[in-house]
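K.L.:
Before I ask anything, here is the structure I am working with.
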Amino acid sequence: MGHGRVAAERRGAAVDVVFPWPRHRKNFHRTRDDETTASGFRPSRCPFTRDPTVGEPLAVQISASRIGRSARSSGHPTRGGFLAKTPIVQHRISSLRRRPWRRRPCSARSPASRAAAAGWAGSRLMKDLDTTGYEVVCVSPRNHMVFTPLLASTCVGTLEFRSVAEPLARIQPAVSKSPGSYFLLARCTAVDPDAHTIDCETVTEGEKDTLKPWKFKVAYDKLVFACGAEASTFGIRGVTDHAIFLREVHHAQEIRRKLLLNLMLSDVPGISEEEKRRLLHCVVVGGGPTGVEFSGELSDFIIRDVKQRYSHVKDYIHVTLIEANEILSSFDVRLRQYATNQLTKSGVRLVRGIVKDVQPNKLILDNGEEVPYGLLVWSTGVGASSFVKSLPFPKSPGGRIGVDEWLRVPSARDVFAIGDCSGFLESTGKDVLPALAQVAERQGKYLAHLLNHVMKAGGGHANCEIDVDLGPAFVYKHLGSMATVGRYKALVDLRQSKESKGISLAGFVSWFIWRSAYLTRVVSWRNRFYVAINWLTTLLFGRDISQQ
């Protein structure tokens, strides 16, 4: 079994939290547990093992301190050497380890991946894990969680970007304070369930004069995938090259920069009328909550700020929302009609159609209509990422990682999946849950409690089969949906499902409920203060329209 495997059994259980954005990987290279690396050192005494010739991954690992001795580890000291902490996730992945951290040697792979951020599921898992029993290692291409319900407000200056970004070190202080817990700026590129390791690559793209990416492995006792999902493009040509998604803080920053740049360029002498109208035409594709909220915020920005401070171009700027079916299709019919009327009053042009092609300055619909644009925002939902599709696990409908009622991956021991990257297998008889923040957060909370329970019962080791009652299976109960449509108006739909009956509200009262609910859901008091001050400043002095 090798020196590293024995060390892993000694040290106890560990969970790595990984947030990877992966791509296809090749040239995977392993060393045996009892081998030294090419550089001549034995990684079993070092928290991270890397191969300097390969790229860098980001990973977070959680190790659990030993609570009693299990039969398989009897005779070994409770505290051993270092626990294996190698980043291996492109999407968010979590793993738990015990506190005796003697780790098995790690080897390196050479995969390439995309950047990904820490999301609702992984952040809630980290927050609720018992750090007195676990050491936490988080692998992610970003060091913060994004409060996505308020992200659209940052695009037009209603909120500052820092108001919606919560540092992971504040969510789980152990990653910056505890000796055995870490945050690793990397992406996961591959997983070896048999060897209980993940491959990672560091994240350095976009940075100048920095280290070249390198690759490394992280061993785990418990592994949790919380990788999230990718924006759906439906294979439409040109979307990735010319459209901007609205999922990360850097997306909101890019939208804001381009919007303000177009406003200023359109006021420069020498520009034609046709080009001015194109530059100031903002097109949003996708009539879900994100697309509708962004359209409402943008129309508010035009009415209250642009027409006052850019009066020369106020008659040229307008917004078009394109949706294949009905906007807000999951909401009550009465609320959908209210949203349609409200957006129309705000100057948003609603177009029903399917985008067939996206070109640098225009998009083409299925009826042949050409729509010129200066800013194109794409918000048509999400789907399974290429990294998730490449994993060697059975998939649920839609290509997500298949899980059972306790969020375990049945085909691999000690592996779990939560959030938008996971879905119930057909054999469970349950429907795949929607890709919503409240689903991901509740799954993270449930799994943290389950792992804490398993660890206290002595089942935290890798491959440690202990008859532990896991308790009730995960059950999701929908709490309702909310969306703002601008001009101090919002929608609140408290029905359990589209077919059921329940309370539905629209108007100013709903807007007040929307703001109050999200203000209380912001993770830290620090950011709640930021959000409240930003809202007050915008009300009194207008939005910040300076180009940053």
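Following UniProt numbering, the numbering of the sequence shown begins with 1 at its first residue and continues without gaps. Even for Gly, the Cβ is constructed at its ideal location relative to N, Cα and C. In this text, all values refer to a predicted model and were calculated from it rather than measured experimentally.
Quick check on the burial criterion: 16 or more other C-beta atoms within 10 angstroms. Buried or exposed for Leu58?
P.N.:
The residue given as residue 58 occupies position 58 in the sequence shown. Note that Leu58 scores 33 on pLDDT, short of 50, meaning its location in the model is unreliable; the coordinates nonetheless yield the value given after this. With at least 16 other beta carbons inside 10 angstroms of its own, Leu58 counts as buried.
K.L.:
Return the chain-ordered list of same chain residues with a C-beta closer than 7 Å to the C-beta of Lys498, the five sequence neighbours on each side being excluded.
P.N.:
If you number the sequence shown from 1, residue 498 lands on position 498. Result list for Lys498: Ser330, in chain order.
K.L.:
Between the alpha carbons of Phe245 and Val319, how many angstroms are there, rounded?
P.N.:
In the sequence shown, residue 245 corresponds to position 245, counting from 1. In the sequence shown, residue 319 corresponds to position 319, counting from 1. Their Cα atoms are separated by approximately 16 Å.
K.L.:
Straight-line CA distance for Phe474 to Arg336?
P.N.:
Within the sequence shown, residue 474 is the residue found at index 474, counting from 1. Within the sequence shown, residue 336 is the residue found at index 336, counting from 1. Between Phe474 and Arg336, the C-alpha separation is close to 31 Å.
K.L.:
Could you tell me the alpha carbon to alpha carbon distance between Thr380 and Val239, rounded to whole angstroms?
P.N.:
Within the sequence shown, the letter at position 380 stands for residue 380. Within the sequence shown, the letter at position 239 stands for residue 239. Cα to Cα, the separation comes out at about 11 Å.
K.L.:
Could you have a look at Gly502 and say whether DSSP puts it in helix, strand or coil?
P.N.:
In the sequence shown, residue 502 corresponds to position 502, counting from 1. Correct three-state label for Gly502: coil.
K.L.:
So what does Lys489 bridge to, in DSSP terms?
P.N.:
Taking the first residue of the sequence shown as 1, we reach residue 489 at position 489. Within the DSSP bridge table, the entry for Lys489 names Gly486 as partners.
K.L.:
Going by C-alpha to C-alpha distance, which of Leu263, Asp130, Ala195 sits closest to Gly374?
P.N.:
The residue given as residue 374 occupies position 374 in the sequence shown. The option with the nearest alpha carbon to Gly374 is Leu263.
K.L.:
Can you confirm whether the stretch 119 to 133 touches the stretch 172 to 179 when touching is taken to mean that 3 or more C-beta pairs between the two stretches lie within less than 8 Å?
P.N.:
yes
K.L.:
Run through DSSP, which three-state label would Gly368 get?
P.N.:
If you number the sequence shown from 1, residue 368 lands on position 368. Look at Gly368 here: in three-state DSSP terms it is coil, with no helix or strand label.
K.L.:
Could you tell me the alpha carbon to alpha carbon distance between Gly157 and Gly480, rounded to whole angstroms?
P.N.:
Here residue 157 corresponds to residue number 157 of the sequence shown, with the count starting at 1. Here residue 480 corresponds to residue number 480 of the sequence shown, with the count starting at 1. Straight-line Cα distance between these residues: approximately 28 Å.
K.L.:
Using only the alpha-carbon positions, how far apart do Phe82 and Ala219 sit?
P.N.:
As a first step, residue 82 is located in the sequence shown; it is residue number 82 there, counting from the start. As a first step, residue 219 is located in the sequence shown; it is residue number 219 there, counting from the start. With a pLDDT of 29 at Phe82, under the threshold of 50, the predicted position of this residue should be treated as unreliable, and no value is reported.
K.L.:
Might you give, ordered along the chain, the residues of its own chain that have their beta carbon closer than 7 Å to the beta carbon of Trp406, omitting 5 neighbours on each side?
P.N.:
As a position in the sequence shown, residue 406 is number 406, starting the count at 1. Closer than 7 Å at Cβ, skipping near neighbours: Leu450, Leu470, Ala473, Phe474.
K.L.:
Where does Trp120 sit, in a helix, a strand or coil, going by DSSP?
P.N.:
Indexing the sequence shown from 1 puts residue 120 at position 120. Residue state, collapsed to three classes: helix.
K.L.:
Do Val284 and Val377 have their C-beta atoms closer together than 8 Å?
P.N.:
Taking the first residue of the sequence shown as position 1, residue 284 is located at position 284. Taking the first residue of the sequence shown as position 1, residue 377 is located at position 377. Taking 8 Å as the Cβ cut-off, Val284 and Val377 qualify as a contacting pair.
K.L.:
Roughly how many whole angstroms lie between the Cα atoms of Ile322 and Gln443?
P.N.:
As a working mapping, residue 322 is identified with position 322 in the sequence shown. As a working mapping, residue 443 is identified with position 443 in the sequence shown. If I take the Cα positions, the gap works out to 33 Å.
K.L.:
Per DSSP, what kind of secondary structure is Thr336 in: helix, strand or coil?
P.N.:
For the purposes of this step, residue 336 is taken as residue 336 along the sequence shown, with counting starting at 1. Thr is not the amino acid found at residue 336; the sequence shown has Arg there. In the structure shown, Arg336 sits in a helix (DSSP, three-state: H, G or I).
K.L.:
Give me, in chain order, the residues of the same chain whose beta-carbon lies closer than 8 Å to that of Gly398; leave out the 5 immediate sequence neighbours on both sides.
P.N.:
As a position in the sequence shown, residue 398 is number 398, starting the count at 1. Here the set comprises Gly383, Ala384, Gly423, Val432.
K.L.:
Taking the C-alpha atoms as reference points, what is the distance between Glu248 and Trp120?
P.N.:
For the purposes of this step, residue 248 is taken as residue 248 along the sequence shown, with counting starting at 1. For the purposes of this step, residue 120 is taken as residue 120 along the sequence shown, with counting starting at 1. Using only the alpha carbons, I get a separation of about 13 Å.
K.L.:
Determine the closest residue to Leu436 out of Arg413, Val454, Tyr476, Ser500, with distance taken between C-alpha atoms.
P.N.:
Here residue 436 corresponds to residue number 436 of the sequence shown, with the count starting at 1. Per the Cα distances, Tyr476.
K.L.:
One question on the structure: do Ile236 and Asp366 come within less than 8 Å of each other, judged by their Cβ atoms?
P.N.:
Numbered from 1 along the sequence shown, position 236 holds the residue referred to as residue 236. Numbered from 1 along the sequence shown, position 366 holds the residue referred to as residue 366. In terms of Cβ geometry, Ile236 and Asp366 do not form a close pair [threshold 8 Å].
K.L.:
Looking at the structure shown, is Ala152 part of a helix, part of a strand, or coil, going by DSSP?
P.N.:
Position 152 of the sequence shown, counting from 1, holds the residue named residue 152. Assignment of Ala152 by DSSP, reduced to helix, strand and coil, places it in the helix class.
K.L.:
Roughly how many angstroms separate the alpha carbons of Phe393 and Ser411, rounded to a whole number?
P.N.:
As a first step, residue 393 is located in the sequence shown; it is residue number 393 there, counting from the start. As a first step, residue 411 is located in the sequence shown; it is residue number 411 there, counting from the start. Rounded to the nearest angstrom, the gap between the Cα atoms of Phe393 and Ser411 is 7 Å.
K.L.:
What did DSSP end up calling Tyr518 once you bin it into helix, strand or coil?
P.N.:
Counting from 1 along the sequence shown, the entry for residue 518 is found at position 518. Three-state result, Tyr518: helix.
K.L.:
Have a look at the DSSP bridge pairing and note the partners of Ala190.
P.N.:
Within the sequence shown, the letter at position 190 stands for residue 190. In the DSSP assignment, Ala190 is bridged to Asp199.
K.L.:
The beta strand (DSSP E) that contains Ile255, what's its start and end?
P.N.:
Taking the sequence shown and counting its residues from 1, the one referred to as residue 255 is at position 255. Careful: Ile255 lies outside any beta strand (DSSP E), inside the alpha helix (DSSP H) at 249 to 265.
K.L.:
When you compare only the Cα positions, how much space is there between Ser299 and Ile466?
P.N.:
Your numbering for residue 299 matches position 299 in the sequence shown. Your numbering for residue 466 matches position 466 in the sequence shown. When rounded, the distance between both Cα atoms is 58 Å.
K.L.:
My parser needs the alpha helix (DSSP H) runs of 4 or more residues fully inside the stretch 288 to 359; what are they?
P.N.:
289 to 301, 333 to 345
K.L.:
Looking at the structure shown, is Gly383 part of a helix, part of a strand, or coil, going by DSSP?
P.N.:
As a working mapping, residue 383 is identified with position 383 in the sequence shown. Strand at Gly383.
K.L.:
Can you tell me which of Gly288, Val146, Ser390 puts its alpha carbon nearest to the alpha carbon of Cys188?
P.N.:
Counted from its first residue, the sequence shown places residue 188 at position 188. Cys188 has its Cα closest to that of Ser390, out of Gly288, Val146, Ser390.
K.L.:
If you draw a straight line from the alpha carbon of Glu205 to that of Lys212, how long is it in whole angstroms?
P.N.:
On the sequence shown, position 205 is the one that residue 205 refers to. On the sequence shown, position 212 is the one that residue 212 refers to. Spanning the two alpha carbons is a distance of roughly 9 Å.
K.L.:
Over what stretch of residues does the alpha helix (DSSP H) that includes Phe147 continue unbroken?
P.N.:
By 1-based counting over the sequence shown, the position of residue 147 is 147. That residue, Phe147, is in no alpha helix (DSSP H); it is neither H nor E in DSSP.
K.L.:
Please list the terminal residues of the continuous beta strand (DSSP E) segment that includes Lys217.
P.N.:
Here the question's residue 217 lines up with position 217 in the sequence shown. Boundaries of the beta strand (DSSP E) around Lys217: 215 to 219.
K.L.:
Leaving out the 5 sequence neighbours to the left and right, which residues in its chain are closer than 6 Å to Glu293 when beta-carbon positions are compared?
P.N.:
In the sequence shown, counting from the first residue as 1, residue 293 sits at position 293. The answer, listed in chain order, is Ala152, Ala483, Thr484.
K.L.:
Smallest Cα separation from His250: which of Arg142, Thr344, Thr428?
P.N.:
For the purposes of this step, residue 250 is identified with residue 250 of the sequence shown, where counting begins at 1. Checked all of Arg142, Thr344, Thr428; the closest Cα to His250 is Arg142.
K.L.:
Mapping DSSP to helix, strand and coil, what is Arg278?
P.N.:
Position 278 of the sequence shown holds residue 278. Arg278 carries a helical assignment under DSSP once its states are collapsed to helix, strand and coil.
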